[in-house]
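Residue numbers (the working numbering), protein chains in the order written: chain X, 466 to 678; chain C, 18 to 282.
The following block contains the structure:
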């Protein structure tokens with residue numbers, strides 16, 4: 466309690482939470498500090514949301530998952546055990562469970578493959594058309610290729626390559642050995658190369674690969 | 018160094034994750050005379066660039082502000098939230114009975130609605146609500162019984178003494194879950210109840226049970242136990258058993274448990 470009071474005083478003196486660690490914010494949150502909870506949410510929501518979006522391809526699922534992850538943290542902050550890893554990894558793990566559950570239940574994995582919906586539901590940031598047409602195509606092709614991967618390959622690509630987490634962190638989130646993460650990533654990248662190379666064939670000029678971004 | 022041993026290293030080089038200088042030098046040296054591996058490295062590098070482009074394009078994507086608003090609300094209400102019903106741990110291997118369980122739960126719900134509505138609404142309202150779930154004939158019979166009960170007995174009879182009937186005309190009396198742990202009906206006979214754990218009637222299991230709920234006691238055929246994987250005595254298949262159904266605030270049947278009552282002096 467003394468520690469929490471100290472944290473609270475530290476916040477009030479600096480008037481922001483940026484200097485506090487995730488653990489400190491969690492403690493303040495447990496003590497009933499709503500702003501600490503919001504600060505923690507703002508710090509971590511984007512990675513959770515993007516992970517859910519890249520795994521599901523659905524804005525709706527991503528928003529639901531993000532909300533559920535932080536509701537879980539709010540209702541049961543003690544289920545996070547800091548001795549087992551960072552809060553960030555913990556949130557990824559919770560998000561993963563929710564995403565897989567939703568994908569299994571709603572069977573909406575292939576939503577983005579519906580051509581009619583593709584333009585409306587594309588979740589990537591707006592690109593400057595027409596100057597970035599090639600870049601836009603590349604982004605959409607990668608998006609489709611990632612979503613077409615089997616779930617166990619997709620999650621390691623998303624976590625290792627898109628979120629740039631280490632093998633050890635991903636192993637902890639996914640719940641498997643580091644070697645398994647490495648081999649899954651290797652196979653996943655092979656599959657991605659196969660899927661994306663069909664699109665890029667037109668870019669081969671004089672035996673050399675050239676893809677514009 | 019052969020192609021198999023260099024393959025993963027090429028992937029690591031393209032991802033910028035091969036930090037061992039010696040391994041990196043050997044792998045790159047291999048690609049200078051091995052055309053397939055050189056092509057593989059090229060493709061890996063292209064893939065890394067494509068993934069990087071995708072990551073950058075998504076860097077500004079984030080959840081909508083309404084999520085933060087909802088979470089603030091959740092934070093505010095958290096401390097005032099109290100649970101009416103505590104649920105037992107989730108039972109596994111119950112998924113095969115969702116459909117049958119749902120149908121039976123709908124019947125319970127209808128009976129619960131009849132009992133509840135008999136206190137607060139008109140016969141027409143009862144009929145409309147319950148007919149959605151049960152057959153029209155059964156509803157007519159049930160409503161008739163409910164309407165008849167006070168007239169046959171006494172016009173001043175209190176609501177607590179009103180009874181609904183199930184499909185066989187048996188009386189059903191709603192009982193609060195808080196009241197039926199051990200009821201002493203009279204001075205000589207003591208009733209003890211043994212209940213199963215709550216069985217979820219929802220796909221999400223007991224973990225997603227509502228924080229606030231209502232428990233309604235109903236009776237149903239002994240044979241209904243089959244749907245929940247519970248053992249039954251076929252000779253008693255037509256007899257009634259007692260069950261508690263948990264209703265959410267919206268009136269959806271969420272869970273059920275079966276209750277066995279023994280009498281002793």
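Idealized CB from N, CA, C, for every residue including glycine. A quick note: this is a predicted structure, and the numbers were derived from the prediction, not measured.
Take residue i as the anchor and find which of the options has the nearest alpha-carbon.
{"i": "residue 653(X)", "options": "607(X), 634(X), 565(X) and 507(X)", "result": "607(X)"}
{"i": "residue 216(C)", "options": "28(C), 77(C) and 262(C)", "result": "262(C)"}
{"i": "residue 211(C)", "options": "229(C), 237(C), 253(C) and 259(C)", "result": "259(C)"}
{"i": "residue 278(C)", "options": "32(C), 213(C) and 78(C)", "result": "213(C)"}
{"i": "residue 518(X)", "options": "620(X), 635(X) and 638(X)", "result": "620(X)"}
{"i": "residue 53(C)", "options": "125(C), 272(C) and 21(C)", "result": "21(C)"}
{"i": "residue 543(X)", "options": "644(X), 494(X), 568(X) and 626(X)", "result": "494(X)"}
{"i": "residue 276(C)", "options": "269(C), 266(C) and 233(C)", "result": "233(C)"}
{"i": "residue 650(X)", "options": "661(X), 615(X) and 562(X)", "result": "615(X)"}
{"i": "residue 267(C)", "options": "70(C), 229(C) and 73(C)", "result": "229(C)"}
{"i": "residue 661(X)", "options": "38(C), 39(C), 46(C) and 66(C)", "result": "66(C)"}
{"i": "residue 122(C)", "options": "257(C), 78(C), 237(C) and 253(C)", "result": "237(C)"}
{"i": "residue 548(X)", "options": "659(X), 488(X), 629(X) and 643(X)", "result": "488(X)"}
{"i": "residue 563(X)", "options": "529(X), 636(X) and 539(X)", "result": "529(X)"}
{"i": "residue 498(X)", "options": "250(C), 241(C), 92(C) and 218(C)", "result": "92(C)"}
{"i": "residue 560(X)", "options": "533(X), 601(X) and 504(X)", "result": "533(X)"}
{"i": "residue 571(X)", "options": "617(X), 618(X), 521(X) and 613(X)", "result": "521(X)"}
{"i": "residue 541(X)", "options": "551(X), 491(X), 500(X) and 550(X)", "result": "491(X)"}
{"i": "residue 68(C)", "options": "484(X), 612(X), 640(X) and 550(X)", "result": "612(X)"}
{"i": "residue 622(X)", "options": "645(X), 601(X) and 500(X)", "result": "645(X)"}
{"i": "residue 432(X)", "options": "36(C), 88(C), 50(C) and 35(C)", "result": "Summary: the structure shown does not reach residue 432(X), with chain X confined to residues 466 through 678, and so no result is reported for it."}
{"i": "residue 510(X)", "options": "80(C), 50(C) and 240(C)", "result": "80(C)"}
On the DSSP bridge assignment, give the partners of residue i in chain order.
{"i": "residue 257(C)", "result": "238(C)"}
{"i": "residue 217(C)", "result": "272(C)"}
{"i": "residue 630(X)", "result": "DSSP output for residue 630(X) lists no bridge partner at all."}
{"i": "residue 232(C)", "result": "263(C)"}
{"i": "residue 211(C)", "result": "277(C)"}
What is the DSSP secondary structure of residue i, reduced to helix, strand or coil?
{"i": "residue 534(X)", "result": "helix"}
{"i": "residue 620(X)", "result": "helix"}
{"i": "residue 190(C)", "result": "Unreliable placement is indicated for residue 190(C), whose pLDDT of 45 sits below 50; the coordinate value is still reported in the next sentence. Coil."}
{"i": "residue 137(C)", "result": "Legend: pLDDT at residue 137(C) = 46, less than 50; position of this residue unreliable, value from coordinates given subsequently. Residue state, collapsed to three classes: helix."}
{"i": "residue 35(C)", "result": "coil"}
{"i": "residue 176(C)", "result": "In this prediction, residue 176(C) has a pLDDT of 38, which is less than 50 and means its spatial position is unreliable; what the coordinates show is noted afterwards. Looking at residue 176(C) - three-state DSSP - the assignment turns out to be helix."}
{"i": "residue 642(X)", "result": "coil"}
{"i": "residue 50(C)", "result": "helix"}
{"i": "residue 685(X)", "result": "Absent from the model: residue 685(X). The displayed extent of chain X is 466 to 678, so no value can be given."}
{"i": "residue 596(X)", "result": "With a pLDDT of 47 at residue 596(X), under the threshold of 50, the predicted position of this residue should be treated as unreliable, and no value is reported."}
{"i": "residue 77(C)", "result": "coil"}
{"i": "residue 554(X)", "result": "helix"}
{"i": "residue 680(X)", "result": "Limits of chain X in this structure are 466 at one end and 678 at the other, which puts residue 680(X) out of reach."}
{"i": "residue 494(X)", "result": "helix"}
{"i": "residue 489(X)", "result": "helix"}
{"i": "residue 577(X)", "result": "Any reading at residue 577(X) must be qualified, since the residue scores a pLDDT of 49, below 50, and its modelled position is unreliable; the value itself is stated next. In this structure, residue 577(X) counts as helix in the three-state DSSP scheme."}
{"i": "residue 601(X)", "result": "helix"}
I'd like to know whether the C-beta atoms of residue i and residue j end up nearer to each other than 8 Å.
{"i": "residue 553(X)", "j": "residue 486(X)", "result": "no"}
{"i": "residue 44(C)", "j": "residue 64(C)", "result": "no"}
{"i": "residue 638(X)", "j": "residue 624(X)", "result": "yes"}
{"i": "residue 604(X)", "j": "residue 31(C)", "result": "no"}
{"i": "residue 531(X)", "j": "residue 84(C)", "result": "yes"}
{"i": "residue 627(X)", "j": "residue 72(C)", "result": "yes"}
{"i": "residue 515(X)", "j": "residue 78(C)", "result": "yes"}
{"i": "residue 126(C)", "j": "residue 254(C)", "result": "no"}
{"i": "residue 526(X)", "j": "residue 567(X)", "result": "yes"}
{"i": "residue 633(X)", "j": "residue 642(X)", "result": "no"}
{"i": "residue 482(X)", "j": "residue 504(X)", "result": "yes"}
{"i": "residue 556(X)", "j": "residue 502(X)", "result": "no"}
{"i": "residue 60(C)", "j": "residue 24(C)", "result": "no"}
{"i": "residue 264(C)", "j": "residue 231(C)", "result": "yes"}
{"i": "residue 38(C)", "j": "residue 48(C)", "result": "no"}
Problem - 3-residue-minimum beta strand (DSSP E) runs that sit fully inside the segment 499-549 of chain X, ordered along the chain - result: none
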